[in-house]
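The structure under discussion appears below in the form of C-alpha cells.
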Amino acid sequence: METISRSSSQSTTSSTSTAPSPKNGMVLAIECIRGTATADEWSGGLLQTGDIVEEIRIGELVLRSPFKNGNSGLQKQLHACFKNQQTSIVVRVRRGRDEFAELHCCIVPKEAGAKKYVLRAIDDPIYTVRFADRTETECFQLQASRTSRMHYALSTAQLQDGYVSYPWDKKIQGMLSIPYSSSYLSILFLPKVSDRQGYRYNDLEDTLGRANAWLLASQVSGVPIVFTNIQTESLLTKISGETASSTVSTSSLSDLSNLANASLYGFEDYHGVDIGVVRAVRLWYSPAAGETKVEVEIREGDTKLGFAICRSEEGFIYISSVVEGDEDAPSARSGLSDLYRDATRASKLLVVSRINNHKVLPWIVSPSGAIRSFDTVSLSQKLSLHRHAKVTIPLHIFMWDRESAPSGGNAGQKCRSVPTLLPSPAFRLTRHSNGKQVLPSSSDPPSEARPSSNEPELRLEEDLTGEASFRFENIQLPDSWL
Numbered sequence: 071m072e073t074i075s076r077s078s079s080q081s082t083t084s085s086t087s088t089a090p091s092p093k094n095g096m097v098l099a100i101e102c103i104r105g106t107a108t109a110d111e112w113s114g115g116l117l118q119t120g121d122i123v124e125e126i127r128i129g130e131l132v133l134r135s136p137f138k139n140g141n142s143g144l145q146k147q148l149h150a151c152f153k154n155q156q157t158s159i160v161v162r163v164r165r166g167r168d169e170f171a172e173l174h175c176c177i178v179p180k181e182a183g184a185k186k187y188v189l190r191a192i193d194d195p196i197y198t199v200r201f202a203d204r205t206e207t208e209c210f211q212l213q214a215s216r217t218s219r220m221h222y223a224l225s226t227a228q229l230q231d232g233y234v235s236y237p238w239d240k241k242i243q244g245m246l247s248i249p250y251s252s253s254y255l256s257i258l259f260l261p262k263v264s265d266r267q268g269y270r271y272n273d274l275e276d277t278l279g280r281a282n283a284w285l286l287a288s289q290v291s292g293v294p295i296v297f298t299n300i301q302t303e304s305l306l307t308k309i310s311g312e313t314a315s316s317t318v319s320t321s322s323l324s325d326l327s328n329l330a331n332a333s334l335y336g337f338e339d340y341h342g343v344d345i346g347v348v349r350a351v352r353l354w355y356s357p358a359a360g361e362t363k364v365e366v367e368i369r370e371g372d373t374k375l376g377f378a379i380c381r382s383e384e385g386f387i388y389i390s391s392v393v394e395g396d397e398d399a400p401s402a403r404s405g406l407s408d409l410y411r412d413a414t415r416a417s418k419l420l421v422v423s424r425i426n427n428h429k430v431l432p433w434i435v436s437p438s439g440a441i442r443s444f445d446t447v448s449l450s451q452k453l454s455l456h457r458h459a460k461v462t463i464p465l466h467i468f469m470w471d472r473e474s475a476p477s478g479g480n481a482g483q484k485c486r487s488v489p490t491l492l493p494s495p496a497f498r499l500t501r502h503s504n505g506k507q508v509l510p511s512s513s514d515p516p517s518e519a520r521p522s523s524n525e526p527e528l529r530l531e532e533d534l535t536g537e538a539s540f541r542f543e544n545i546q547l548p549d550s551w552l
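Count along the sequence shown starting at 1, add 70, and that's the number in our numbering.
Set out below in C-alpha cells:
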C-alpha cells in the first residue's frame, strides 16, 4: 500500500451550477459504517450517510457521476486499483443542490480476502464509509433527517470493552518488595466439629468468634498485627450418610433463610451426588508498621547464628532470645540483636514473617481447632544449613509503631485494644557506625535507656501440641541456640 500524506476534510459551497440527476433516479451514495473517535462525522466536514457521490479520484483515474453499473461497477474498479497498490482515493460528494465536500482516504478490504471494499480516513482509521445505491430522493430525506439521526445515534451508542496486554512480570518484579509474593496476610478458620463423629459443625458465629479471639490473643501476646478485613469463604466438598442428613438443605428458595448462620449446607447435583458447602472464615491482617528485611551475613569462623527461634501459641515464629556480649555474632552484625532488644522494651514479639522470602506464618485452622504453622525444628535445621554453607539468611520481621509502643510493663495489659485500621508511621533507614546492617527507625525515636538486667523480659512458652516435631522441643536442650 502506498504511503499517503494526511489531507484534512474540507467542506466547500458553490451555487454556480446544479448537478444533473440520473435518468433512472439512482445515485451512488455514502453510508457511514463507523464514526470517528470524536464523532466529527456529524460536524459537516466529513462524509455523512446520504451524501451523493459526484467525483472519485484514484491517482490519475477520475470517475464522475453517473457511475456505470453503480456500486457493483465501482467495486470492480476499486478491486483493480487495490491489486495495483493504488489505495489513495479522494471522494467529492454533494449535499442538497449546491453544497459540496470531499475526503482524502484510502481503500481497504471490507473483510480479509473479500472483493468488497470500504474507505477509511487517513487521520482517523476508525472512521469508515462505504458506497451504496440509493435514489436521489432517499438521499435528500437522509440529509434532512440528520438531526434526528444524530439523536438516535446518541441514544443507541454503546461503550466498547476489550482485553489489553499488561507487563505482569515487569510489574511484579519492580513494584513488589518481594517479587512474586504479596504483602496480603490471612488465616483461614474452618468450622469446628461439634461431635466426635464429625457429622455436625458449629455455626458461623462460632467460627467468627474463634477468629476474633485468635486476633486479640495474638495482639495480647505481643504480635504486632492489626485487623484488616474478615470474610466468609465457601469451600465445596462431597458429603454422604449422616453428614448429608444433618446439614441444612437448599432444595428450594424457602430454605435460604436457614443459611444465615449455617457453617455447612448441602445440595444435590444432577447426578444425585450430595455436595456440601463449608462456610469458612478468612481473617485478613497486616503488620502494625510493615515488614523490614534483615540480612544475616555468614562469615568464615561463625559457629553460631546468635539467636534462638520459638513458636507462639497462635502459630507465629519469633526470635525468643539473642546472644549477649558477642558483637561479632551474625545476629549482632545484622542488627537483629538491637531489634530484639527494642521489641522487648516495647513488650512486643520479634515475629519472623519470611525466611528466604518464603512466608512462615500460620495459614489455616482445622475443624479440630489445631493451627497449622511451621515446624521450628525444621526451620532451625534450615537456618543452620545456611550457616554451614556460608549463605546469607534473608529474614523479614514484623515492625511495630515505635512512637506509641509502651516502654515496658505487662504485655497483656498494654496490647489489649480494638483492632485499628490507622495507617502505619513512616520509618527512616539508619546505618550503625560499626558496620551493622541498615535498620528502620521511627522519625523521632524515643530516647530510652537499655533495660537493666533485673527487668522482666517478654517470653512465651513453646506450644507442645500438634506435630511431633513441636513436641520434640519438650526435650531439655540448652535454649535451642542456632
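For glycine and all other residues, C-beta sits at the position ideal for the given N, C-alpha and C.
Point to revise | Where Gly346 falls: helix, strand or coil (DSSP) | key: strand
Practice item. Compare the Cα-Cα distances from Leu173 to each of Ser443, Gly105, Val163 and report the closest residue. Key: Val163
Check your understanding: Can you give the Cα-Cα distance for Val21 and Pro464, rounded to whole angstroms?
Key -> Absent from the structure is residue 21, since the part of the chain shown begins at 71 and ends at 552.
Review point. Cα separation between Gly115 and Val132?
Key: 22 Å
Check your understanding: With respect to the beta strand (DSSP E) encompassing Arg457, which residues constitute its N-terminal and C-terminal limits?
Key -> Here Arg457 belongs to no beta strand (DSSP E); instead the alpha helix (DSSP H) covers 446-459.
Check your understanding: If Gly346 and Ile309 are in contact, beta carbons under 8 Å, what's the gap, nearest whole angstrom?
Key -> The beta carbons of Gly346 and Ile309 sit about 4 Å from each other, so the pair counts as a contact at 8 Å.
Point to revise | Per-residue DSSP class, three states only, for Asn141 | key: helix
Exercise for review: Can you give me the start and stop residues for the alpha helix (DSSP H) that Ser560 sits inside?
Suggested key: A question about residue 560 goes unanswered here, because the residues of the chain that appear run from 71 up to 552.
Point to revise | Inter-residue CB distance, Ser253 and Val296 (contact presumed, cutoff 8 Å) | key: The Cβ separation is near 13 Å, so there is no contact.
Review point. Which runs of the beta strand (DSSP E), 3 residues or longer, sit entirely within the segment 388-425?
Key: 420-425
Review point. Can you tell me whether DSSP reads Leu131 as helix, strand or coil?
Key: strand
Check your understanding: So is Thr106 buried or exposed if we call it buried at 16+ other beta carbons inside 10 Å?
Key -> buried
Practice item. Taking all protein chains shown into account, decide if Gly376 is buried (16 or more other Cβ within 10 angstroms of its Cβ) or exposed. Key: buried
**Study point:** Per-residue DSSP class, three states only, for Ser252
**Key:** If DSSP states are grouped into helix, strand and coil, Ser252 belongs with coil.
Point to revise | Opening and closing residue of the beta strand (DSSP E) in which Asn331 lies | key: That residue, Asn331, is in no beta strand (DSSP E); it is neither H nor E in DSSP.
Check your understanding: What three-state label does DSSP hand Val123 in the structure shown?
Key -> Correct three-state label for Val123: strand.
Check your understanding: How is the beta strand (DSSP E) around Thr298 delimited, first residue to last?
Key -> 295-308
**Study point:** Given Trp433 as reference, the closest of Phe201, Phe259, Gly166 once Cα atoms are compared
**Key:** Phe259
Point to revise | Exposure label - Tyr233; buried when at least 16 CB within 10 Å | key: exposed
Exercise for review: Using only alpha-carbon positions, find the residue among Leu409, Asp396, Ser247 that is nearest to Ser390.
Suggested key: Leu409
Exercise for review: Have a look at Met96 and Glu208 and give me their C-alpha separation to the nearest angstrom.
Suggested key: For Met96 and Glu208, the distance between alpha carbons rounds to 10 Å.
Review point. According to DSSP, is Glu275 helix, strand or coil?
Key: helix
**Study point:** Reference Glu124; option with closest CA among Val160, Ile196, Cys102
**Key:** Here the closest residue by C-alpha is Val160.
Exercise for review: Assign Asp372 to one of three DSSP states: helix, strand, or coil.
Suggested key: In the displayed model, Asp372 falls within coil according to three-state DSSP, outside both helix and strand.
Exercise for review: Take Glu101 and list the residues in its own chain whose beta-carbon comes closer than 6 Å to its own, dropping the five residues that flank it on each side.
Suggested key: Thr119, Arg200, Ala202
Practice item. State the DSSP-derived secondary structure class of Asp203, mapped to helix, strand or coil. Key: strand
Exercise for review: Kindly identify the DSSP beta-bridge partner or partners of Tyr355.
Suggested key: DSSP lists Leu255, Phe297 as partners of Tyr355.
Exercise for review: Output yes or no for whether 9 Å exceeds the beta carbon distance between Glu367 and Thr462.
Suggested key: yes
Review point. Can you name the residues that DSSP bridges to Ser158?
Key: Beta bridge pairing from DSSP links Ser158 with Cys176.
Check your understanding: Grouping DSSP H, G and I as helix and E and B as strand, with all else coil, what is Met469?
Key -> Coil, per DSSP.
Practice item. Helix, strand or coil for Glu208, going by three-state DSSP, please let me know. Key: helix
Check your understanding: Any idea which residues DSSP pairs Ile49 with across the strands?
Key -> Here the chain comprises residues numbered 71 to 552, so residue 49 is not present and cannot be evaluated.
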